[in-house]
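Heads up: the structure comes next, in structure tokens.
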Amino acid sequence: MASKQMLAILAVVAVILPSITMATEFIVGDEVGWSLKGNYTAWAMGKVFNVGDTLVFNYPSDKHNVQKIGLDGFKACDSSKALETVKTGKDVITLAKPGKKWYICGISGHCDAGMKLVINVAGGAMAPTLPPTAPSPDSSAHMTAAFCSKLVMGALSLVMAFILF
Ligand SMILES: [Cu+2]
41 MASKQMLAIL
51 AVVAVILPSI
61 TMATEFIVGD
71 EVGWSLKGNY
81 TAWAMGKVFN
91 VGDTLVFNYP
101 SDKHNVQKIG
111 LDGFKACDSS
121 KALETVKTGK
131 DVITLAKPGK
141 KWYICGISGH
151 CDAGMKLVIN
161 VAGGAMAPTL
171 PPTAPSPDSS
181 AHMTAAFCSK
191 LVMGALSLVM
201 AFILF
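Numbered according to the working numbering, the sequence shown spans residues 41 to 205.
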């Protein structure tokens, strides 16, 4: 009986946990960090970034910095267009909104040498920016359907758990 209860609990956890947004911490460049040696196109490839996740930029604070920038500034490596600059050497940036984000190193020549990162942040099921009226038919419909199916699955698992208990 004990093992059945364990299974029931596991089933509930397995279904409910993924529906809670779990923040992922991404170490930019992994062991290379934020560096002239990094290839941030390759690093970002295949990764899924969600709202609430964090980017960690590790680097010697006297060598580099991190600038959030728009597409034009990113393309031109023009640090004068930076929206925000951080330079502690261990900068943690929380991805607060979905969409494309561009980052460069603002030290002269570094962006051109490859210290530039573009990512696409996915909405996530818990995105707080759902329009209150007239939601667009496709995207929010999918989101709602996915969310509902998770709720139903969660409820079913709970019922199952109660029966087994
Ligand atoms: Cu740099």
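The beta carbon of each residue, even a glycine, is placed where N, CA and C say it ideally should be.
> Within 10 angstroms of its Cβ, does Asn105 collect 16 or more other Cβ (buried), or is it exposed?
Replying inline: With 16 or more Cβ atoms within 10 Å of its Cβ, Asn105 is classed as buried.
> Ordered along the chain, which non-local residues of its own chain (more than five positions away) have a Cβ less than 7 Å from that of Pro138?
Replying inline: Only Val91, Val161, Ala162, Gly163, Ala167 meet the Cβ criterion.
>> Output needed for Trp83: all residues of its chain with C-beta closer than 6 Å, excluding positions within five of it in sequence on either side, in chain order.
In response: The beta carbon of Trp83 sits closer than 6 Å to those of Gly69, all from its chain and outside the five residues before and after it, given in chain order.
>> Buried or exposed, going by whether 16 or more other CB atoms sit within 10 Å of the CB of Gly113?
In response: Counting the other Cβ atoms within 10 Å of the Cβ of Gly113 gives 16 or more, which makes it buried.
>> Let's test the definition: count the other Cβ atoms within 10 Å of the Cβ of Lys141 and tell me whether it reaches 16, buried, or not, exposed.
In response: The residue is buried, with at least 16 neighbouring Cβ atoms inside 10 Å.
>> Whether or not the segment 62 to 79 and the segment 107 to 127 are in contact is what I'm after, with contact meaning three or more pairs of Cβ atoms, one per stretch, closer than 8 Å; do they touch?
In response: Too few Cβ pairs lie closer than 8 Å, so no.
> If you draw a straight line from the C-alpha of Gly86 to the C-alpha of Leu135, how long is it?
Replying inline: Each residue's Cα considered, the two are about 17 Å apart.
> With contact counted as at least three CB pairs below 8 Å, one residue from each stretch, are the segment 93 to 107 and the segment 120 to 134 in contact?
Replying inline: Yes, they touch.
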